[in-house]
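Participant:
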Amino acid sequence: MLKIPSSDRLRYQFDNFMAKGPIALIGGLALVSLAFIFVMSVLITVLGIAPEGSDRLNPAEALWGVLMRTLDSGTVGGDTGWIFRLTMLFVTFGGIFLVSTLIGLLSSGIDAKLESLRKGRSHVIETDHIVILGWSFQIFVLISELALANANRANTCIVILSEIDKVEMEETLQSTLGKLPKIRLVCRTGSPNNMADLGMVNIQAARSVIILNLPGELGDIQVVKTLLAITNIPRSRPHPYHIVAQLHNPQQLDAVQLVGRNDIEVLLTNDLISRIVVQTCLQSGLSTVYMDLLDFGGNEIYFKEETPLQGKTYGDALLSYNDSAVIGLRQADGKIHLNPPSQTSIGAGTQLIVISEDDDTIHLSAQVPPIDRAAIQSQQQEPARAVNTLIVGWNDRINDIIRQLDQYVAAGSAVTVVAELPEAEVNITAESLQLRHQTVKYRQGTTTDRQVLENLNILQYQHILVLCDSSLDPEQADAQTLVTLLYLRDIADRQQHSCQIVTEILDVNNQALAQVARPDDFVIGEQLISRMVAQVAEQKSLNTVFNELFSPDGSEIYLKPIGDYVAIDRPVNFYTVVEAVKQRGASAIGYRHKADASNAGRAYGIVLNPKKDALIKFAPDDRVILLSES
Numbered sequence: 133m134l135k136i137p138s139s140d141r142l143r144y145q146f147d148n149f150m151a152k153g154p155i156a157l158i159g160g161l162a163l164v165s166l167a168f169i170f171v172m173s174v175l176i177t178v179l180g181i182a183p184e185g186s187d188r189l190n191p192a193e194a195l196w197g198v199l200m201r202t203l204d205s206g207t208v209g210g211d212t213g214w215i216f217r218l219t220m221l222f223v224t225f226g227g228i229f230l231v232s233t234l235i236g237l238l239s240s241g242i243d244a245k246l247e248s249l250r251k252g253r254s255h256v257i258e259t260d261h262i263v264i265l266g267w268s269f270q271i272f273v274l275i276s277e278l279a280l281a282n283a284n285r286a287n288t289c290i291v292i293l294s295e296i297d298k299v300e301m302e303e304t305l306q307s308t309l310g311k312l313p314k315i316r317l318v319c320r321t322g323s324p325n326n327m328a329d330l331g332m333v334n335i336q337a338a339r340s341v342i343i344l345n346l347p348g349e350l351g352d353i354q355v356v357k358t359l360l361a362i363t364n365i366p367r368s369r370p371h372p373y374h375i376v377a378q379l380h381n382p383q384q385l386d387a388v389q390l391v392g393r394n395d396i397e398v399l400l401t402n403d404l405i406s407r408i409v410v411q412t413c414l415q416s417g418l419s420t421v422y423m424d425l426l427d428f429g430g431n432e433i434y435f436k437e438e439t440p441l442q443g444k445t446y447g448d449a450l451l452s453y454n455d456s457a458v459i460g461l462r463q464a465d466g467k468i469h470l471n472p473p474s475q476t477s478i479g480a481g482t483q484l485i486v487i488s489e490d491d492d493t494i495h496l497s498a499q500v501p502p503i504d505r506a507a508i509q510s511q512q513q514e515p516a517r518a519v520n521t522l523i524v525g526w527n528d529r530i531n532d533i534i535r536q537l538d539q540y541v542a543a544g545s546a547v548t549v550v551a552e553l554p555e556a557e558v559n560i561t562a563e564s565l566q567l568r569h570q571t572v573k574y575r576q577g578t579t580t581d582r583q584v585l586e587n588l589n590i591l592q593y594q595h596i597l598v599l600c601d602s603s604l605d606p607e608q609a610d611a612q613t614l615v616t617l618l619y620l621r622d623i624a625d626r627q628q629h630s631c632q633i634v635t636e637i638l639d640v641n642n643q644a645l646a647q648v649a650r651p652d653d654f655v656i657g658e659q660l661i662s663r664m665v666a667q668v669a670e671q672k673s674l675n676t677v678f679n680e681l682f683s684p685d686g687s688e689i690y691l692k693p694i695g696d697y698v699a700i701d702r703p704v705n706f707y708t709v710v711e712a713v714k715q716r717g718a719s720a721i722g723y724r725h726k727a728d729a730s731n732a733g734r735a736y737g738i739v740l741n742p743k744k745d746a747l748i749k750f751a752p753d754d755r756v757i758l759l760s761e762s
């Protein structure tokens, strides 16, 4: 066996010691420095070395003298006697070598720690916090909504984990959101798929976890991987994980639910945005209603159990609140029923689903003011008519939008799509999309070319939808959309055609610019999804409500002519409107003044959850906002 020299062994041990990092080096050098000081003070005491003309130094004086000369090389200048001088000179050289090195290591260690903190790799010691995994431009609206939701909670912490540099995240959040009262934002750099990085943000102690989806085909796969990582980290709280995740493709829904089981609430973003786009396209003002419902700063949806109403009916509950609007029931088994039949009984454990400004504003009315039954109209609504819809632009949701549109329009309807893609690359036919109520046509053309839009003959269309190209940068996509919108509105005005134009916008900051073209409504899909995510993160049961609310099956929100329900020749209170709507099997939640439809300061005419005892004078073009099956 080859014998290893002692010098090599010592060198190997020294190398291993040096490789242990600053903490080991600082500790080692500190011990060596202390040992050096102690040994030299003992030698000075034992050998009786002292300044010329001075008495022998006691151990304490020797230790203090060596320590001072080790730390400060200038101290040796006042020494007398050559033996003492040379001894202390040696001590000073030792101090320069050992203590100065120790100070240098301390300085570099502090710099290394600061650099480590800058990289966002330190452990988060938080509990009952909110964790956001990933980064997208949705995050600004999401954090703003979470801040509003937690305004009455002290010391709320939101932790963000993404692969973006920590300093960059902090600077971007600060410049965009500014100072958020009562909210602490903590950023960490790491992979949401990595268990060690998830442990770094103490995800096992979080109150709720939000997984943002990345754009592109691989985004959903990353969500599944993140869920696998989370579920392999044991929970440190008695309650299960509360995870809210976004998915683009419903094909991954089964995989996500297999991993997350009951711990996860999934929002199918593309499907939801398509539904909202279609519903808003057919009903101007609907997106503002959704914005108000999903905004923590306005009216929100709550669950409230009312013991005094047990044994009564849903119809009774509709007229039981002056400051809140009832929209459904949650049974004791957890099942959600929006706008159930008015004779549905309210049993023990049943909770009302209500719209109110806050959970502490939900109070039963002492008494209901008189209902003007003479003002209630009894005529039936006209049957739905076939409509022609023009879709200008293209994005990856186009097929879903056309399919969703088919579920709302009457038989004999038609939809025309105009986009820049060559016709050979487009496969949208009634057969491929399995359409039942409408036909579909495609025309190739540049959507920002006025001549192309002039040749469309928009007089034949009742609804026009302008889509954003989500594959482009949001600013560029919105710029193209605004140009198209300006041309379409000008063409419609010149031809005196009263069609409804709805536009999709990616960046909420461009909404003010779009108002110049006077669109009938905006759809800012990503903002709506961000607000929905925040709502579900704060109240898990709301996801079931949203799924039913945005589904073509069951009850949805409609804006119907107010004159179909109450007389408009005199003021009426909203209790009368609620009763008139109830008699048609629906639930009234507000109204829209047409005169304010272009006034952003008045929420585009939308009044959600009005006080029911106040008298309202309606105009012929005003609408009642209600929850109904059709």
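Quick note, in my numbering, the sequence shown goes up one by one and the last residue is 762.
All C-beta atoms, glycine included, are put in the ideal place defined by N, C-alpha and C.
These numbers were taken from a predicted model, which means no experiment stands behind them.
#1: Nearest-angstrom Cα distance between leucine 175 and proline 137?
#2: Tell me, please, which residues DSSP counts as bridged to isoleucine 342.
#3: My guess is that leucine 470 and leucine 265 are in contact by the Cβ rule of under 8 Å, so how many angstroms apart are they, rounded?
#4: Just to confirm, are asparagine 364 and methionine 327 a CB contact at a threshold of 9 Å?
#5: Does the contact criterion of 3 or more C-beta pairs under 8 Å hold for the stretch 619 to 626 versus the stretch 578 to 587?
#6: Below 8 Å on the Cβ atoms is my contact criterion, and I expect aspartate 610 with asparagine 642 to pass it. Report the Cβ-Cβ distance as a whole number of Å.
#7: Among Ile700, Ser662, Val398, which residue has its Cα nearest to the Cα of proline 752?
#8: Pull the bridge partners of histidine 469 from the DSSP assignment, please.
#9: Starting from the C-beta of aspartate 294, find all residues in its chain whose C-beta is less than 6 Å away, skip the five residues before and the five after it, and write them out in chain order.
#10: Please check the pair asparagine 330 and isoleucine 275, which I expect to be a contact at CB under 8 Å, by giving their CB distance rounded to whole angstroms.
#11: For threonine 412, is the beta carbon positioned less than 8 Å from some heavy atom of the ligand GTP?
#12: Could you tell me which whole alpha helix (DSSP H) segments of length 4 or greater appear in the stretch 635 to 704?
#13: Classify serine 488 as helix, strand or coil using the three-state DSSP reduction.
#14: Determine which residues share a DSSP beta bridge with valine 572 and list them.
#15: Considering only the beta carbon of each residue, do valine 96 and glutamate 636 sit closer than 9 Å?
#16: What does DSSP give as the partner residues of serine 477 in its beta bridges?
#17: The alpha helix (DSSP H) that contains arginine 755, what's its start and end?
#18: Since I believe valine 698 is in contact with isoleucine 487 (beta carbons under 8 Å), could you give me their beta-carbon distance rounded to a whole number of angstroms?
#19: In three-state DSSP terms, what is tyrosine 723?
#20: Under 9 Å, do arginine 716 and histidine 725 count as touching if we go by C-beta distance?
#21: So, under 8 Å CB-CB, valine 376 and serine 416 are touching, yes? Tell me the CB distance rounded to an integer number of Å.
#22: Counting Cβ pairs closer than 8 Å, one from the stretch 534 to 550 and one from the stretch 741 to 748, do we hit at least three?
#23: Among residues of its own chain, excluding the 5 on either side of aspartate 497, which ones have a beta-carbon nearer than 7 Å to its beta-carbon?
#24: Here's a check: name, in chain order, each residue in its chain whose Cβ is nearer than 8 Å to the Cβ of asparagine 402, leaving out the five neighbours to either side.
#25: Looking only at its chain, what residues have a beta carbon closer than 6 Å to the beta carbon of glutamine 463, apart from the 5 residues adjacent to it on each side?
#26: Rounded to a whole number of angstroms, what is the C-alpha to C-alpha distance between serine 762 and aspartate 424?
#27: What first and last residue would you give for the beta strand (DSSP E) that runs through asparagine 520?
#28: Compare the Cα-Cα distances from valine 291 to each of Arg285, Asp260, Arg575 and report the closest residue.
#29: Nearest-angstrom Cα distance between isoleucine 296 and glutamate 303?
#30: Are there three or more Cβ pairs, one per stretch, closer than 8 Å when the stretch 566 to 577 is compared with the stretch 592 to 602?
#31: Report, in whole angstroms, the separation of the C-beta atoms of isoleucine 757 and valine 550, which I expect to be a contact under 8 Å.
#32: Using a 10 Å radius around the Cβ and a threshold of 16 neighbouring Cβ atoms, would you call proline 324 buried or exposed?
#33: From glutamine 384 to glutamine 378, what does the alpha carbon distance come to, in whole angstroms?
#34: List the endpoints of the continuous alpha helix (DSSP H) containing arginine 320.
#35: Count the CB pairs spanning the stretch 354 to 364 and the stretch 384 to 397 that are closer than 8 Å, and state whether there are at least three.
#36: Would DSSP call leucine 404 helix, strand or coil?
Facilitator: Reading it off the structure:
#1: Proline 137 has its alpha-carbon roughly 33 Å from the corresponding atom of leucine 175.
#2: In DSSP, isoleucine 342 forms a bridge with Ile264, Val376.
#3: No, leucine 470 and leucine 265 are not in contact; Cβ-Cβ is about 31 Å, not under 8 Å.
#4: It is a contact, given that the beta carbons lie within the stated cut-off.
#5: They touch, by the three-pair rule.
#6: Rounded, the Cβ-Cβ distance is 4 Å, consistent with contact.
#7: Ranking the options by Cα distance to proline 752, first place goes to Ile700.
#8: Leu461, per the DSSP bridge assignment.
#9: Reading off the sequence shown, one finds serine at residue 294, where the question assumed aspartate. Cβ neighbours of serine 294 beyond the five flanking positions: Gly266, Trp267.
#10: Just to set this straight, residue 330 is leucine in the shown sequence, not asparagine. Actually they do not touch by this definition, with Cβ atoms about 20 Å apart.
#11: The ligand GTP is not part of the structure shown, which contains no ligands of any sort.
#12: Qualifying alpha helix (DSSP H) stretches, in chain order: 643 to 646, 657 to 670, 674 to 681.
#13: In this structure, serine 488 counts as strand in the three-state DSSP scheme.
#14: Answer by DSSP bridge pairing, in chain order: Val547.
#15: Beyond the ends of the chain as shown, which are 133 and 762, falls residue 96; an answer cannot be given.
#16: In the DSSP assignment, serine 477 is bridged to Thr445.
#17: No alpha helix (DSSP H) contains arginine 755, which is instead part of the beta strand (DSSP E) from 755 to 760.
#18: 20 Å between Cβ atoms; not a contact.
#19: For tyrosine 723, the secondary structure class from DSSP, reduced to helix, strand or coil, is strand.
#20: With respect to the 9 Å criterion, arginine 716 and histidine 725 are not classified as neighbours on the basis of their beta carbons.
#21: Not a contact, Cβ separation roughly 30 Å.
#22: Touching, no, given that fewer than three Cβ pairs across the two stretches are closer than 8 Å.
#23: Residue 497 is actually serine in this sequence, not aspartate. If you ignore the 5 residues before and after serine 497, its C-beta comes within less than 7 Å of the C-beta of Ser452, Tyr453, Asn454, all in its own chain and listed in chain order.
#24: Answer for asparagine 402: His380, Asn381, Asp528, Arg529, Asp532, listed in chain order.
#25: Hits under 6 Å: Thr482.
#26: Each residue's CA atom was taken as its position, placing serine 762 and aspartate 424 some 22 Å apart.
#27: Here the beta strand (DSSP E) through asparagine 520 covers 520 to 524.
#28: With distances taken between Cα atoms, valine 291 lies closest to Asp260.
#29: C-alpha separation (whole angstroms): 12 Å.
#30: Below 8 Å, too few C-beta pairs join the stretch 566 to 577 and the stretch 592 to 602 to call them touching: fewer than three.
#31: With a beta-carbon spacing of about 32 Å, isoleucine 757 and valine 550 fall beyond the 8 Å limit used to define contacts.
#32: Counting Cβ neighbours within 10 Å, proline 324 comes out buried, since at least 16 surround it.
#33: Going from the Cα of glutamine 384 to the Cα of glutamine 378 covers about 11 Å.
#34: Residue range 315 to 321 is occupied by the beta strand (DSSP E) that includes arginine 320, with no alpha helix (DSSP H) assigned at that position.
#35: Short answer: they touch.
#36: It is helical.
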